[in-house]
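In the working numbering, the protein residues as written are 832 to 1074.
The following block contains the structure:
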């Protein structure tokens, strides 16, 4: 049997080598048996390949009139390189689709990441306590969404993005255990623990149904145990590979 050209493509080889490097570093530093101190990079928008690896969604997909964009913004002297999630919310209903009874939402998430030699590309955030986001918010009520390799693929784990300094860059820490399981925007009972070892996608949504523009800047997302290395990350603009 011959491997397909797609699997032998340079991107596949690079991803596999990166994963092997990560496993090796875990073994050498014994991070697998103690609490890791180095932040785990999940989405870094200083990398120009990150935004194209994401997708936007809005009620326009079902005939609504909201719109959303995710743009790469280069670094300047006053702010880091980041993704700009922006657009406008409309609660108008499409006249030619009577089955659509609710609009007024927009969001983005990363696409499923390509596989490696070790199988599906999934994030393991189990050794970490927090999900951290470096953002500049406009003050609207955004949600952070986590999708895992669960039995019900439409399940999301969600938590409010509590930005406390609208218009300023800040780091928001969310306890991973505080995320709530939902399906199509409704809380699911019974609640089940997030599959922290098998995270597929991360994203942000706006579902407050308040008409008008929105604008949220995100420079990076990472898993954290909330120590001084997070401060170093923000101060220097750097982030080590996951360990």
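By construction, the Cβ of each residue, glycine as well, lies at the ideal position given by its N, Cα and C atoms.
Give me, in chain order, the residues of the same chain whose beta-carbon lies closer than 7 Å to that of residue i; leave out the 5 immediate sequence neighbours on both sides.
| i | result |
| --- | --- |
| residue 1004 | 961, 963, 1055 and 1057 |
| residue 886 | 939, 940 and 942 |
| residue 954 | 873 and 1030 |
State the Cα-Cα distance for the pair residue i and residue j, rounded to the nearest angstrom.
| i | j | result |
| --- | --- | --- |
| residue 1045 | residue 993 | 16 Å |
| residue 947 | residue 873 | 16 Å |
| residue 1061 | residue 880 | 23 Å |
| residue 888 | residue 940 | 8 Å |
| residue 943 | residue 893 | 22 Å |
| residue 1051 | residue 1010 | 19 Å |
| residue 916 | residue 985 | 23 Å |
| residue 990 | residue 1015 | 14 Å |
Can you say whether residue i is buried or exposed, counting buried as having 16 or more other CB atoms within 10 angstroms of its CB?
| i | result |
| --- | --- |
| residue 900 | exposed |
| residue 951 | exposed |
| residue 920 | buried |
Using a Cβ-Cβ distance under 9 Å, would residue i count as near chain C?
| i | result |
| --- | --- |
| residue 997 | Checking the listed chains, one finds no chain C in this structure; it contains a single protein chain. |
Thinking residue i and residue j are a contact (beta carbons under 8 Å), I'd like their distance in whole angstroms, please.
| i | j | result |
| --- | --- | --- |
| residue 1007 | residue 1025 | 7 Å |
| residue 937 | residue 1037 | 5 Å |
| residue 975 | residue 1035 | 6 Å |
| residue 973 | residue 1047 | 6 Å |
| residue 1031 | residue 957 | Residue 1031 to residue 957, Cβ: 15 Å. No contact. |
Can you give me the start and stop residues for the beta strand (DSSP E) that residue i sits inside?
| i | result |
| --- | --- |
| residue 1054 | 1043 to 1055 |
| residue 1035 | 1030 to 1037 |
| residue 984 | Looking at the DSSP string, residue 984 is not in any beta strand (DSSP E), and its letter there is neither H nor E. |
| residue 888 | 885 to 889 |
| residue 914 | 913 to 920 |
| residue 953 | Looking at the DSSP string, residue 953 is not in any beta strand (DSSP E), and its letter there is neither H nor E. |
Could you name the residues of the same chain whose beta carbon sits closer than 6 Å to that of residue i, not counting the 5 residues immediately before and after it, in chain order?
| i | result |
| --- | --- |
| residue 922 | 934, 935, 1040 and 1042 |
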